[in-house]
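Residue numbers (the working numbering): 805 to 971. Structure first, commentary second.
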Amino acid sequence: MRALSNFLSCSNKILSILFHKVLPEFIRLIILAVCVLWSYYNLVRTNYKYASTINEKSRKFCYRKRGTVELSDCSICLSEFAEGEEGREVVECKHAFHRRCLEKWLRGGYTATATCPLCRSLVVPEVVVAEHRRMKMQLENYGVEKELALILFNALHVRGSCSYGFF
805 MRALSNFLSC SNKILSILFH KVLPEFIRLI ILAVCVLWSY YNLVRTNYKY ASTINEKSRK
865 FCYRKRGTVE LSDCSICLSE FAEGEEGREV VECKHAFHRR CLEKWLRGGY TATATCPLCR
925 SLVVPEVVVA EHRRMKMQLE NYGVEKELAL ILFNALHVRG SCSYGFF
């Protein structure tokens with residue numbers, strides 16, 4: 805009878821620790837993971853949408869010298885096209901640039917707009933550009949996730965080290 809009483813008392817303590825200490829910390833950790841994963845999902849989705857729009861609005865090519873008609877140079881970096889070098893041509897205006905130069909230009913590496921560097925015709929729609937910029941700003945200022953992580957992990961550390969050694 806005494807063994808059963810000890811067993812029930814011990815199991816009662818274990819359940820108490822589980823439901824009052826471990827489970828709330830586990831729920832906090834799950835909330836943090838969901839917030840971070842949601843943010844990452846939005847970032848990946850926005851980048852994919854932006855990249856696919858660039859692929860729709862421009863076409864890749866491999867530079868080859870053909871007789872007298874040839875591209876002189878890339879208007880972004882001012883370097884000449886070399887034989888076999890990858891380029892991109894804006895579908896709407898037919899202006900050609902080095903592939904990396906145009907992609908960097910359209911992603912906002914040189915300017916804040918996603919337009920052709922020569923004629924300023926719109927390459928990526930403003931809605932897509934605005935969403936991409938918002939995600940870039942959010943990535944640079946990821947304060948919410950950082951603060952949430954600090955709060956949750958601080959709670960895990962303080963409670964874990966002081967109470968029963970969990971976490």
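Glycine included, each C-beta is placed from N, C-alpha and C at the ideal position. Bear in mind that the values here come from a model prediction, so they are computed numbers and not experimental data.
On the DSSP bridge assignment, give the partners of residue i in chain order.
i	result
Glu-893	Arg-863 and Ala-900
Leu-926	Thr-919
Glu-884	Asp-877
Hey, how far is the Cα of residue i from the Cα of residue j?
i	j	result
Ser-883	Val-927	22 angstroms
Ser-862	Val-933	16 angstroms
Glu-860	Ile-818	60 angstroms
Ile-836	Pro-828	What sits at residue 836 in the sequence shown is Leu, not Ile. Going by the C-alpha atoms only, they are around 12 angstroms apart.
Glu-930	Arg-938	12 angstroms
His-824	Ala-807	25 angstroms
Ile-880	Ala-918	14 angstroms
Tyr-844	Tyr-852	12 angstroms
Leu-906	Ser-876	16 angstroms
Leu-822	Asn-810	18 angstroms
Ser-815	Met-805	15 angstroms
Leu-841	Lys-940	16 angstroms
Gly-912	Gly-891	18 angstroms
Beta-carbon within less than 6 angstroms of residue i's beta-carbon, same chain only, minus the 5 sequence neighbours each way: which residues are those?
i	result
His-899	Cys-920 and Leu-922
His-936	Thr-850 and Tyr-854
Ile-858	Leu-910
Glu-889	Tyr-867
Hey, residue i and residue j are a contact pair by Cβ (cut 8 angstroms); roughly how many whole angstroms apart?
i	j	result
Glu-887	Lys-869	6 angstroms
Phe-901	Cys-878	5 angstroms
Leu-847	Leu-943	6 angstroms
Cys-897	Ser-856	That pair is no contact at about 20 angstroms.
Arg-903	Lys-864	6 angstroms
Could you pull out every residue in the same chain whose Cβ sits closer than 7 angstroms to the Cβ of residue i, ignoring the five residues on either side in sequence?
i	result
Phe-830	none
Val-895	Lys-861, Ser-862 and Arg-863
Can you find the residues in the same chain that come closer than 8 angstroms, C-beta to C-beta, to residue i, ignoring five residues on each side of it along the sequence?
i	result
Ser-820	none
Compare the C-beta of residue i against all C-beta atoms of chain D and say whether one is closer than 8 angstroms.
i	result
Arg-938	Of the protein chains in this structure there is only one, and it is not chain D.
request  = Any chance you could list the beta strand (DSSP E) runs of at least 3 consecutive residues sitting entirely within the region 806-866, in chain order?
outcome  = Runs found: 862-866.
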